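Worksheet for the structure shown next.
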Amino acid sequence: MSAMSWWDHLIVLPVVMPLVTGALLIPVNQKHHRLKFGCATLVSVLLWVMAVALLLLVDGEHWPKGIGVYLAANWAAPFGIALMVDRLAALMLVLTSTIALAVLVFSAQRWGRVGVHFHSLFLFLLMGLNGAFLTNDLFNLFVFFEVMLAASYGLVLHGYNLNRIRAGLQYIAVNLVASFMFLIGVALIYAATGTLNIPDLATRVPVLRPEDSYLLGIGASVLALAFLTKGAMWPLGFWLPSTYASACPPVAALLVVMTKVGVYAVLRVWLAVFGDSAGALAGFGLVALTVGGMATLVFGTIGMLASQDGARMAGYGAIISSGTLLAVIGQSGGAVLAAGLYYLVGATLAMSAFMLLLELTERIRPPGASLLAVTMEAFAIDDKPEDPVGVVIPGTLAILGLSFVGCALVISGMPPLSGFVAKFSLFHALLDASPPGSGGVTPTTWLLIAMVVLAGLASIVALMRLGVRTFWASGAVTPPSLLASEVAPVTALVVLCVALTIHAGTAFDYLNRTVDGLKRVGDYSERVLGQSPVTRAPPAGGSR
Amino acid sequence: MEIVFAIAVGVTFGSGIWLILRPRTFQLITGLLLMSYAVNLFIFGMGRLWVDRPPITPNASIDPLQFADPLPQGLVLTAIVIGFATTALYLVMMIGARGLTGSDHVDGEEPRE
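If you read the protein sequences in the order shown, they are chains A and Y. Residue numbering for the first sequence follows my numbering, beginning at 13 and increasing consecutively. Residue numbering for the second sequence follows my numbering, beginning at 5 and increasing consecutively.
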């Protein structure tokens, strides 16, 4: 008979608010793009505030055990859908809303005005992302994935041209097939265990009959195919570089977050369902994750070196970071997770900043260099209707150069920024995590460390090449005109990376608490399944 | 009944796979549709196959063994709606690509001989 405080509704608002606002903005004519932008900004700011509030509430143990549960439509889990926020979900919400805000401000003067419904699609994408982070039910996760994907299909095509259509055709087809895989996986898991609620699944897995656990294993593998397609594990990630390269920069920055959803889903399901308490199925599939992650690292490294184009390079950078995370999860089963999550946050921020930065650096190039792009777009619908208007700022080359260096340092993991701290702590934890008495560090761990170092080397080589070609090229460099609204988000994201380095201690304290919480699977089952629906006192003289 | 059902799902899904590996967008979308049918049937089948048992009852005191599992049926409804919507979206995209490139090849251009 728990009374519900107003705070509890904070858990569902990150899903409901963008949905309602996005829907309301659809009938508004594109002529009122300022109004649309205003609404979307308001919602994004509110989302950010709510995400930070949730993070503080969760971390302050406002809810028992740091897990907030919201029973949608007041149905008790596992029959209804439970939304749940813990430290990991809150962290992802903050990360998403921060990047979303930066992207929105960036697109204010240009991309938000090209084409229609940018802001609605943007808000729907946020809804899908937030929902995927908050939900606690596999089928509901599918629904939020689809919301997110449907919005992203629209956004990838935003600023409709030939390249985007071509990349979109492949991106959508791949993701539709991945969705079918998701459904098959979900159906098999339901057939094996009779539930789709993740904590409920965790309680049932240890007592499964052997024949059912085979079925569960198959189901989980098929499900993982769907997650890893989003997370771009080799050989499921071939769609990623060309999609990133052809999407317009603000959208590409959001796609960076979407890639992380796949990794997040793997983490969420695997830690809960195939954790240490899972009996015979404990650690199921971790070897596949390690091998796949390593293969992804190799693929990303080679691709990074081979690509000429900045956006494509960033795509391979995202593949490298996915590969690192997956291999680390697989190798250690969560022991080095705190360092992995720190890496995830830093890499996502830097990669998004890099995506936005690329568009600005494109303007440095002398006009001849973009001749190819011009001919390619000659037959398509014009996606650059007007010269940007707004406040132009001085000292552009210095700002661009510094931001570029900042992003490059984080992405490649060079000191002094957060990329280095992340990789250093990763290696430290990996070497520490080798089980005692097993004869020291395993060869796989050494191999993994070598691969991550090599990937960093390849990144720095490729990024340096790009930087030299952009900033130090011929004398024909003309300082581009940049708008304050375009530079501010990029700078803010880079500054956040710096802040993450300076406050690494605080961040690691939080992440350690996150990982401790994730390991106590029993707490999740207890909190989610134990949450009782709100009961209202029957009205006096009511007929029911 | 199970074997007929399994073969039907398998053949549909297999045809779908063959079709999505073809180079033309029309074949691709037909394949996607076939796959979505097969997946929907598959989810339905995962609730076990029953004959003549209702999934819903107004009575609270019942023997659950006499009733079909309603959950997969609910899941299938959602999956059908979502699959339908995303496939329709793809169709629009396909028409756009055909109009813009003048080719119905998935790469947006005819393969060079």
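The beta carbon of each residue, even a glycine, is placed where N, CA and C say it ideally should be. Note that this is a predicted model, so its numbers are computed, not measured.
Check whether chain Y comes within 7 Å of tyrosine 202/A, counting only Cβ atoms and requiring the distance to be less than that.
Taking CB atoms only, tyrosine 202/A has a neighbour in chain Y less than 7 Å away.
Run through chain A and tell me which residues come within less than 7 Å of glycine 100/Y, C-beta to C-beta.
Chain A residues near glycine 100/Y: Ile177.
Is it buried or exposed for histidine 515/A, if we count other Cβ within 10 angstroms and need 16 for buried?
Looking at its Cβ environment, which holds fewer than 16 other Cβ atoms inside 10 Å, histidine 515/A is exposed.
Compute the Euclidean distance between the alpha carbons of leucine 317/A and methionine 306/A, then round it to the nearest angstrom.
Their backbone Cα atoms lie some 17 Å apart in a straight line.
Going by Cα to Cα distance, which pick from Arg481/A, Tyr355/A and Trp282/A is closest to phenylalanine 436/A?
The residue from Arg481/A, Tyr355/A and Trp282/A with its alpha-carbon nearest to that of phenylalanine 436/A is Tyr355/A.
Sub-7 Å separation of valine 273/A and lysine 242/A beta-carbons
Yes.
Expressed to the nearest angstrom, what Euclidean distance is found between the alpha-carbon atoms of threonine 110/A and alanine 52/A?
Distance between the alpha carbons of threonine 110/A and alanine 52/A: 14 Å.
Interface partners of methionine 39/Y on chain A, CB under 8 Å:
Within chain A, the residues placing a beta-carbon under 8 Å from that of methionine 39/Y are Val189 and Phe192, ordered along the chain.
Determine the contact status of proline 359/A and serine 333/A, defining contact as a CB-CB distance below 7 Å.
One detail in the question is off: residue 359/A reads as alanine in this sequence, not proline. The Cβ atoms of alanine 359/A and serine 333/A sit closer than 7 Å to each other.
Give, in chain order, every residue of the region 41-63 of chain Y whose Cβ lies closer than 7 Å to some Cβ of chain A.
Those would be Val43, Phe46, Ile47 and Met50, in chain order.
Who are the neighbours of tyrosine 226/A on chain Y, taking C-beta pairs under 8 Å?
Listed by position along chain Y, the residues whose Cβ is nearer than 8 Å to that of tyrosine 226/A form an empty set, because the closest Cβ is around 15 Å away.
Whose Cβ in chain Y lies nearer than 8 Å to the Cβ of phenylalanine 151/A?
Residues of chain Y passing the Cβ test: Leu79 and Thr82.
According to the neighbour-count rule (16 or more other Cβ atoms, all chains shown, within 10 Å of its Cβ), is histidine 44/A buried or exposed?
Counting every other CB atom within 10 Å of its CB across the protein chains shown gives histidine 44/A a total below 16, marking it as exposed.
Contact set for arginine 324/A: own chain, Cβ-Cβ below 6 Å, skip 5 residues either direction:
Cβ neighbours of arginine 324/A beyond the five flanking positions: Pro253 and Ala257.
What does glycine 180/A touch in chain Y if you count any residue whose Cβ is under 7 Å from its own?
Chain-order list of chain Y residues neighbouring glycine 180/A: Met97, by C-beta distance under 7 Å.
Kindly indicate which three-state DSSP category arginine 28/Y falls into: helix, strand or coil?
Arginine 28/Y: strand per DSSP, three-state reduction.
Taking one C-beta from the region 135-147 of chain A and one from the region 515-534 of chain A each time, how about it: are there three or more such pairs within less than 8 Å?
No, the region 135-147 of chain A does not touch the region 515-534 of chain A.
Pop quiz: leucine 104/Y and leucine 174/A are said to be a contact at Cβ under 8 Å. What is the actual Cβ separation, rounded to whole angstroms?
The C-beta separation of leucine 104/Y from leucine 174/A comes to about 6 Å, placing the pair in contact by the 8 Å criterion.
Along the chain, where does the alpha helix (DSSP H) that runs through tyrosine 172/A open and close?
Careful: tyrosine 172/A lies outside any alpha helix (DSSP H) and carries neither H nor E.
Between phenylalanine 311/A and the rest of its own chain, which residues show a CB-CB distance below 7 Å, the 5 nearest in sequence each way excluded?
Same-chain partners within the cutoff: Trp246 and Ile331.
Residue of Gly249/A, Gly413/A and Phe157/A minimising C-alpha distance to arginine 481/A
Cα-wise, what sits closest to arginine 481/A is Gly413/A.
Glutamine 343/A: CB within 6 Å of a non-hydrogen atom of the ligand FMN
No copy of the ligand FMN appears in this structure; indeed no ligand is present at all.
Reference tyrosine 183/A, options Thr302/A, Gln343/A, Pro211/A and Ala259/A, closest by Cα:
It is Ala259/A whose Cα lies nearest to the Cα of tyrosine 183/A.
Closer than 7 Å, CB to CB, is leucine 237/A near chain Y or not?
Under the 7 Å criterion on CB atoms, leucine 237/A is classed as non-interfacial with respect to chain Y.
Would you say leucine 195/A reaches chain Y, if we count a Cβ-Cβ gap shorter than 7 Å as a contact?
Yes, contact with chain Y.
C-alpha gap between leucine 79/Y and leucine 429/A, whole angstroms:
Taking the straight line joining both Cα atoms gives about 47 Å.
Below 7 Å between beta carbons: does that hold for aspartate 212/A and proline 90/A?
Yes; because the gap between Cβ atoms is below 7 Å, this pair is in contact.
Check this for me: beta carbons of methionine 160/A and alanine 265/A, under 7 Å apart or not?
Going by C-beta atoms, methionine 160/A is not nearer than 7 Å to alanine 265/A.
Valine 15/Y in three-state terms, based on DSSP
Helix, per DSSP.
Check the Cβ-Cβ distances between alanine 385/A and every residue of chain Y, and say whether any is below 7 Å.
Any reading at alanine 385/A must be qualified, since the residue scores a pLDDT of 48, below 50, and its modelled position is unreliable; the value itself is stated next. No - not a single Cβ of chain Y is within 7 Å of the one on alanine 385/A.
Please say whether leucine 237/A and leucine 353/A have beta carbons closer to each other than 7 Å?
Their beta carbons are not under 7 Å apart, which means leucine 353/A does not touch leucine 237/A by this criterion.
By Cβ distance, which residues of its chain are closer than 7 Å to methionine 426/A, with the 5 residues on each side in sequence left out?
Excluding sequence neighbours, methionine 426/A sits near Phe432 and Ile472.
Less than 8 Å between the CB atoms is what I'm expecting for leucine 227/A and valine 198/A, so what's the real figure, rounded?
Cβ-Cβ separation between leucine 227/A and valine 198/A: approximately 13 Å, too far for a contact (criterion under 8 Å).
Beta carbon of leucine 95/A, beta carbon of methionine 62/A: below 7 Å?
Result no, Cβ atoms of leucine 95/A and methionine 62/A do not sit closer than 7 Å.
Could you tell me the boundaries of the beta strand (DSSP E) in which glycine 80/A lies?
Under the DSSP assignment, glycine 80/A falls in the beta strand (DSSP E) whose first and last residues are 80-83.
Please report whether the beta-carbon of valine 15/Y lies at a distance below 7 Å from any beta-carbon of chain A.
Answer no: the Cβ-Cβ gap between valine 15/Y and chain A never drops below 7 Å.
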